[in-house]
Amino acid sequence: MALLDFTDVSFVADGKTILSDISFAIEQGDFVSIVGPSGGGKSTLLKLASSLQSPTSGHITFEGKKLEDYEPTQLRQQVSYCFQTPYLFGEIVKDNIQFPFDIRHLPMDQDRVKNLFDLFKMDLSYLEQDVKKLSGGEKQRIALIRQLLFTPKVLLLDEVTSALDTQNKEIVEEVIANLQAEGMTILWITHDSSQSRKYANKVMTIVQGQLESMEVIK
Numbered sequence: 001m002a003l004l005d006f007t008d009v010s011f012v013a014d015g016k017t018i019l020s021d022i023s024f025a026i027e028q029g030d031f032v033s034i035v036g037p038s039g040g041g042k043s044t045l046l047k048l049a050s051s052l053q054s055p056t057s058g059h060i061t062f063e064g065k066k067l068e069d070y071e072p073t074q075l076r077q078q079v080s081y082c083f084q085t086p087y088l089f090g091e092i093v094k095d096n097i098q099f100p101f102d103i104r105h106l107p108m109d110q111d112r113v114k115n116l117f118d119l120f121k122m123d124l125s126y127l128e129q130d131v132k133k134l135s136g137g138e139k140q141r142i143a144l145i146r147q148l149l150f151t152p153k154v155l156l157l158d159e160v161t162s163a164l165d166t167q168n169k170e171i172v173e174e175v176i177a178n179l180q181a182e183g184m185t186i187l188w189i190t191h192d193s194s195q196s197r198k199y200a201n202k203v204m205t206i207v208q209g210q211l212e213s214m215e216v217i218k
């Protein structure tokens with residue numbers, strides 16, 4: 001049984017077809033790079049996979065169960081979406097790190113937080129920083145840490161390294177590659193051709209709302 005399965009999925013918005021009859025299956029542990037021209041429907045595909053949007057037709061299953069049959073909070077604990085433009089709320093970074101623990105009525109796991117900050121080469125002093133004063137790259141790394149605090153089964157990434165310099169891009173790539181090696185399933189939208197093949201075992205190409213190919217490369 002596929003972990004994530006799209007069957008004849010279409011999405012129409014304001015009379016425009018964004019995705020048309022998309023079908024594919026993702027297995028546990030896959031690392032799938034999603035490529036194709038801008039405006040082709042790649043981000044919409046990830047939003048559908050995380051149930052942030054619902055398909056106009058067709059159906060999507062996660063672990064054999066239709067997405068609409070999950071409670072939204074239950075699904076998003078297992079399928080986590082990182083936006084291209086990270087959104088941080090509150091006044092300081094700690095507000096964002098505390099939130100995933102608060103909604104589960106748990107105390108902050110200091111060891112888990114430190115481990116993730118270390119992985120992303122960030123000092124814990126960032127917890128007290130004003131979110132408005134962070135660079136785009138810093139915001140993206142904090143957003144990734146927030147999404148990884150409770151280890152989702154599927155991580156959906158929308159050009160998450162686009163705002164990072166070379167050094168920090170490599171740090172993020174290494175962390176994500178290690179997560180996949182530990183069994184996490186990754187779907188990653190990227191416009192970086194070398195990045196798309198460096199870590200992935202499959203490359204999905206979306207053009208004008210259609211699945212042009214799903215290439216197995218490893």
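Numbering (full-length UniProt numbering) for the sequence shown: 1 to 218.
Even glycine gets a Cβ: it sits at the ideal position worked out from N, Cα and C.
Where residue i falls: helix, strand or coil (DSSP)
i	result
E173	helix
I145	helix
E212	strand
F120	coil
L127	helix
T166	helix
S196	helix
K16	strand
Between the CA atoms of residue j and residue i - distance to the nearest angstrom
i	j	result
T151	Q78	8 Å
S80	Q167	25 Å
T190	V175	16 Å
L116	S213	35 Å
M122	V93	12 Å
Q195	T185	17 Å
S125	T56	45 Å
L48	S54	6 Å
G130	E91	It is Asp, not Gly, that sits at residue 130 in the sequence shown. C-alpha separation (whole angstroms): 6 Å.
D102	S50	21 Å
V12	L52	14 Å
L187	I26	9 Å
R112	D14	43 Å
residue 305	L148	Absent from the structure is residue 305, since the part of the chain shown begins at 1 and ends at 218.
Q180	G29	6 Å
L119	I145	9 Å
residue 223	K114	Because residue 223 is not part of the residues shown, which for the chain are 1 to 218, the question remains open.
F83	G183	22 Å
E128	P100	17 Å
S43	V154	16 Å
R76	F24	21 Å
I22	T73	25 Å
F6	S135	36 Å
Q98	S193	36 Å
E68	F62	10 Å
S10	L46	13 Å
K132	E159	21 Å
M1	G64	7 Å
Close Cβ partners of residue i (< 7 Å) along its chain, the five nearest in sequence each way excluded
i	result
G209	T17, I18, L19, S20, G40 and G41
V207	G36, P37 and G40
residue 300	This structure cannot settle anything about residue 300, because the visible part of the chain is limited to 1 through 218.
Residue(s) in a DSSP beta bridge with residue i
i	result
A181	DSSP output for A181 lists no bridge partner at all.
M204	I34 and M214
D5	A25 and T61
F11	L19
L134	For L134, which the question treats as bridged, DSSP gives no partner whatsoever.
V154	V79 and T185
Beta-carbon proximity list for residue i, same chain, < 8 Å, skipping 5 on both sides
i	result
residue 224	Within the shown structure, residues of the chain are numbered from 1 to 218, placing residue 224 beyond reach of any answer.
R197	S33, V203 and I217
Residues of its chain near residue i, where Cβ-Cβ distance is below 6 Å and the 5 sequence neighbours each way are ignored
i	result
P86	K139, Q140 and A143
V216	K202
T161	K169 and V172
Y199	F31 and A177
T205	V35, G36, E212 and S213
Residue i CB to nearest heavy atom of the ligand COA below 6 Å
i	result
V113	This structure simply doesn't include the ligand COA, nor any ligand for that matter.
In chain order, what are the residue ranges of uninterrupted alpha helix (DSSP H) at least 4 long that sit wholly in the segment 41 to 115? Counting whole runs of 4 or more residues, the segment 41 to 115 contains the alpha helix (DSSP H) stretches 42 to 49, 72 to 78 and 93 to 102.
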